[in-house]
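>
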Amino acid sequence: MSIIEETRIALLELFPELAAADVEASAQAEAEAQAKAEAEAEATMSEPDAATAEQEAQEPIPDDATKEQEAETTSAPEGAAPKTEAGAKDDEQEPEEEEPRQNGVLVSDYVKQGVHLDVLCDPDQVVDAAQILDQAEFFIEAITGVDWIKEDQLEVIYDYNRNDDQLCRVVVRTRIPRSEPVIPTISSIFPGADWHERETYDFFGIRFQGHSNLIRILLPEDADFYPLLKDFTP
Amino acid sequence: MTFPIQCSNDETFVLNLGPQHPATHGVLRVKLTMDGEYIAKAEPVLGYIHRMHEKMAEDQPLPQFMPNTARMDYLHALAYNHGYALVVERAAGIEVPERAEYIRVITVELNRISSHLLWWAAFLLDLGGFSPLLYAFDDREKIQDLLESVTGSRLTYCYMRFGGVYNDIDDDFITGTRDFIKRLRSRLPRYYHDLVTGNIIFIKRLKDIGFITPEICRKYGATGPVLRGSGIQFDIRKNEPYSVYPEFNFDVPVYNECDSLARYMVRMDEVEQSMRIIEQALDKLPDGPIKAKVPKILKPAAGDYYAAVEAARGCFGCRLVSDGGKNAYRLKLRSPTFSNLSLFGEVAEGMLLPDALAFMGSLDLVIPEIDR
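For the protein sequence lines, the chains are A and B, in the order given.
Using this note's numbering, read the first sequence as starting at 1 and increasing by one per residue.
Using this note's numbering, read the second sequence as starting at 1001 and increasing by one per residue.
1. In angstroms with no decimal places, state the Cα-to-Cα distance between residue 1313 (chain B) and residue 1335 (chain B).
2. Would residue 1232 (chain B) count as contacting chain A if we go by Cβ distances under 8 Å?
3. Going by DSSP, what residue range makes up the beta strand (DSSP E) through residue 1044 (chain B)?
4. Report yes or no: is there a C-beta of chain B within less than 8 Å of the C-beta of residue 139 (chain A)?
5. With a threshold of 16 other CB atoms inside 10 Å of the CB of residue 58 (chain A), please say whether the residue is buried or exposed.
6. So for residue 138 (chain A), helix, strand or coil by DSSP?
7. Whose C-beta lies closer than 7 Å to the C-beta of residue 128 (chain A) among residues of the same chain, with five residues either side of it excluded?
8. Under 8 Å, CB to CB, which of the residues in the region 178-191 of chain A have a partner in chain B?
9. Going by Cα to Cα distance, which pick from A:19, A:117 and A:152 is closest to residue 171 (chain A)?
10. Using a Cβ cut-off of 8 Å (strictly closer), state whether residue 163 (chain A) contacts chain B.
11. CA-CA distance, residue 1352 (chain B) and residue 1216 (chain B)?
12. How big is the Cα-Cα spacing for residue 1044 (chain B) and residue 1294 (chain B)?
13. Where does residue 1217 (chain B) fall in DSSP's three states?
14. Could I get the ranges of all uninterrupted alpha helix (DSSP H) runs contained in the region 1025-1104 of chain B, with 4 residues as the minimum, in chain order?
15. Could you pull out every unbroken beta strand (DSSP E) segment of at least 3 residues lying fully inside the region 202-228 of chain A, listed in chain order?
16. Since residue 142 (chain A) meets chain B, which of its residues come closer than 7 Å, beta carbon to beta carbon?
17. According to DSSP, is residue 1159 (chain B) helix, strand or coil?
18. Quick check: the region 1046-1066 of chain B against the region 1131-1139 of chain B, are there 3 or more CB pairs under 8 Å?
19. When the Cα of residue 1171 (chain B) is compared with those of B:1163, B:1161, B:1117 and B:1150, which residue comes out closest?
20. Could you tell me if residue 1210 (chain B) is buried or exposed, where buried requires 16 or more neighbouring beta carbons within 10 angstroms of its beta carbon?
21. What do you reckon, are the CB atoms on residue 1147 (chain B) and residue 1180 (chain B) nearer than 8 Å?
22. Here's a check: name, in chain order, each residue in its chain whose Cβ is nearer than 6 Å to the Cβ of residue 1124 (chain B), leaving out the five neighbours to either side.
23. Could you tell me the distance, in whole angstroms, from the CA atom of residue 212 (chain A) to the CA atom of residue 191 (chain A)?
24. Among B:1338, B:1066 and B:1296, whose alpha-carbon lies nearest the alpha-carbon of residue 1078 (chain B)?
25. Please compile the residues from chain B whose C-beta is within a distance smaller than 7 Å of the C-beta of residue 115 (chain A).
26. Assuming residue 1242 (chain B) contacts residue 1118 (chain B) (C-beta within less than 8 Å), just tell me the rounded distance between them.
27. In whole angstroms, give me the CA-to-CA distance for residue 1287 (chain B) and residue 1165 (chain B).
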């Protein structure tokens, strides 16, 4: 099992209902893959109606996606169900305004996005996500925010990466309301997150609850503005 | 070797190191709580040359931000050019011609050598040796002349374009680069290793000082020579190959000692590996265009894109969030030294002040890149 698939399954612990659906889906996919071993030409999805919206995002696309996945990752999962296409499409073609993305773990198209796994979770789940990724020996590469002023939300993005020879970039995102930008800290799990969280606080005013030293880091200590908010005017 | 000490609060005093101290290479301030000669607590204070590049990126079209990238890490500016070009090319789906990729690799590696040479010079200056600086600047000058001939500038390059590079390299550059490599190869053993690496005073200052365990590296997200000096073989050029790096034979130097000397050795070996890459790239340099056809006004599809490169100090990552407009909706610049410095507080605890300065030098700090 490749590291991407392993991490995906580990991260599905955050979403119990998706995990159950995933087990079913992968069993189904395996059965299908065996049945369709000869008839490769047929690449259409067989059961679009049975799945819920979330399950659809998780739904494997049998043939084309498998090939793509194999081309871009060094060790493609053999029996496991790759979910490249569904994830990439969900990210690119339907941005938030059309249909909000559901919580879950998507396998992104690495060539297009530059990440392997894309997790969307609730704000209080970022600590659990950090714990899972800490146990899987990931390191925190960066924490940042994005101001989605039209939707009145702030997005917090955590970038994780590995420093061994297995390549797997994980991005964990969550949305918090602009009026109440509060999110738990992960600096107790990754001490390196301390400065990144301070920087995010500095630029966006996002308050990391439980942070021991949440003060300005790059801006002057008496600054009373958050420059990366879209409604900031100098 | 660190010296764990018991300190009573009433006997400590606060010492400000910087923001103008020469050992901080720019304007970094470290608030040190001292117990005699030992550091009880070290707290770096950042932001003295913060320029808010990330906000500037939101206010101008994508190509206009390219010069800003060179002003982050001004010692390895081309890698930052490259990282930014990569993320925009990924977002806009631009293919780079092969010759341009080779030229990128050659110039980035030349720049990496010059960055390591300057670090070497400044590091020894920190330790009290003045003459190494003169040798290193002699060699570095040659690189700057070479890069000036193709990029037009000597330090803050703006050489990459989306889909290629700005200027082709000519025969003079190629022969000049070959001559330079020959010259540096002949000088490395004598002027660098015999003079400094084998020097007993130098070794005593660095060996077993500034011990960073692999676990601390992971918890703080350290990358680059700091990580490789702790025995972890991680180099974006190998682990997450980009550009044409997979076509070259090179090693990733790793030392297991985890001390300041190990980080020094990693960088010295990297100079040699960079020369190997340049030689192979010059041998294989293909003909062809140096720039892809790219629309004048670039509007990447809405989405979230990430690209990372191995700069001289570690992993430089760029996250571009596009809303389909010609400006970036959000550009996150992940600079390696920011993470590398964040472990300073934990590691410097209990160290002698002069050792902490040597340790800080071995982290290879570039302040404009931390402050952005």
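Even for Gly, the Cβ is constructed at its ideal location relative to N, Cα and C.
In short:
1. For this step, residue 1313 (chain B) is matched to residue 313 along the second sequence. For this step, residue 1335 (chain B) is matched to residue 335 along the second sequence. When rounded, the distance between both Cα atoms is 9 Å.
2. Your numbering for residue 1232 (chain B) matches position 232 in the second sequence. So yes, residue 1232 (chain B) belongs to the interface.
3. Numbered from its first residue, the second sequence carries residue 1044 (chain B) at position 44. Residue 1044 (chain B) -> beta strand (DSSP E) spans 1038-1045.
4. The residue labelled residue 139 (chain A) in the question sits at position 139 within the first sequence. Closer than 8 Å: yes.
5. Within the first sequence, residue 58 (chain A) is the residue found at index 58, counting from 1. With a pLDDT of only 48 at residue 58 (chain A), under the threshold of 50, the placement of this residue in the model should not be trusted; the figure read from the coordinates follows. Buried: at least 16 other Cβ atoms inside 10 Å.
6. If you number the first sequence from 1, residue 138 (chain A) lands on position 138. If DSSP states are grouped into helix, strand and coil, residue 138 (chain A) belongs with the strands.
7. As a first step, residue 128 (chain A) is located in the first sequence; it is residue number 128 there, counting from the start. Cβ neighbours of residue 128 (chain A) beyond the five flanking positions: 14.
8. 190 and 191
9. Residue numbering aside, residue 171 (chain A) sits at position 171 when the first sequence is read from its first letter. The shortest Cα separation from residue 171 (chain A) among A:19, A:117 and A:152 belongs to A:117.
10. Taking the first sequence and counting its residues from 1, one reaches residue 163 (chain A) at position 163. Yes - at least one Cβ of chain B is within 8 Å of the one on residue 163 (chain A).
11. Within the second sequence, numbered from 1, the residue matching residue 1352 (chain B) stands at position 352. Within the second sequence, numbered from 1, the residue matching residue 1216 (chain B) stands at position 216. Computed Cα separation, rounded: 20 Å.
12. Here residue 1044 (chain B) refers to the residue found at position 44 when the second sequence is read from its first residue. Here residue 1294 (chain B) refers to the residue found at position 294 when the second sequence is read from its first residue. Answer to the nearest angstrom: the Cα atoms are 43 Å apart.
13. Within the second sequence, the letter at position 217 stands for residue 1217 (chain B). Note: residue 1217 (chain B) maps to helix in three-state DSSP.
14. 1053-1059, 1066-1070 and 1077-1092
15. 207-209
16. Against the first sequence, residue 142 (chain A) aligns to sequence position 142. Those within 7 Å of residue 142 (chain A) in chain B are 1317, 1332 and 1334.
17. Here residue 1159 (chain B) corresponds to residue number 159 of the second sequence, with the count starting at 1. Three-state DSSP puts residue 1159 (chain B) in coil, outside helix and strand.
18. no
19. Residue numbering aside, residue 1171 (chain B) sits at position 171 when the second sequence is read from its first letter. With distances taken between Cα atoms, residue 1171 (chain B) lies closest to B:1150.
20. Your numbering for residue 1210 (chain B) matches position 210 in the second sequence. Buried: at least 16 other Cβ atoms inside 10 Å.
21. By one-based count along the second sequence, residue 1147 (chain B) stands at place 147. By one-based count along the second sequence, residue 1180 (chain B) stands at place 180. Cβ atoms of residue 1147 (chain B) and residue 1180 (chain B): not closer than 8 Å.
22. One-based indexing of the second sequence puts residue 1124 (chain B) at position 124. Correct list, in chain order: 1132.
23. On the first sequence, residue 212 (chain A) is found 212 positions in, with the first residue counted as 1. On the first sequence, residue 191 (chain A) is found 191 positions in, with the first residue counted as 1. When rounded, the distance between both Cα atoms is 11 Å.
24. Counting from one through the second sequence, the residue named residue 1078 (chain B) turns up at place 78. Comparing Cα positions, the closest option is B:1066.
25. The count along the first sequence starts at 1 and reaches residue 115 (chain A) at position 115. Residues of chain B passing the Cβ test: 1306.
26. Position 242 of the second sequence, counting from 1, holds the residue named residue 1242 (chain B). Position 118 of the second sequence, counting from 1, holds the residue named residue 1118 (chain B). Rounded, the Cβ-Cβ distance is 25 Å, inconsistent with contact.
27. For the purposes of this step, residue 1287 (chain B) is taken as the residue at position 287 of the second sequence. For the purposes of this step, residue 1165 (chain B) is taken as the residue at position 165 of the second sequence. Their Cα atoms are separated by approximately 14 Å.
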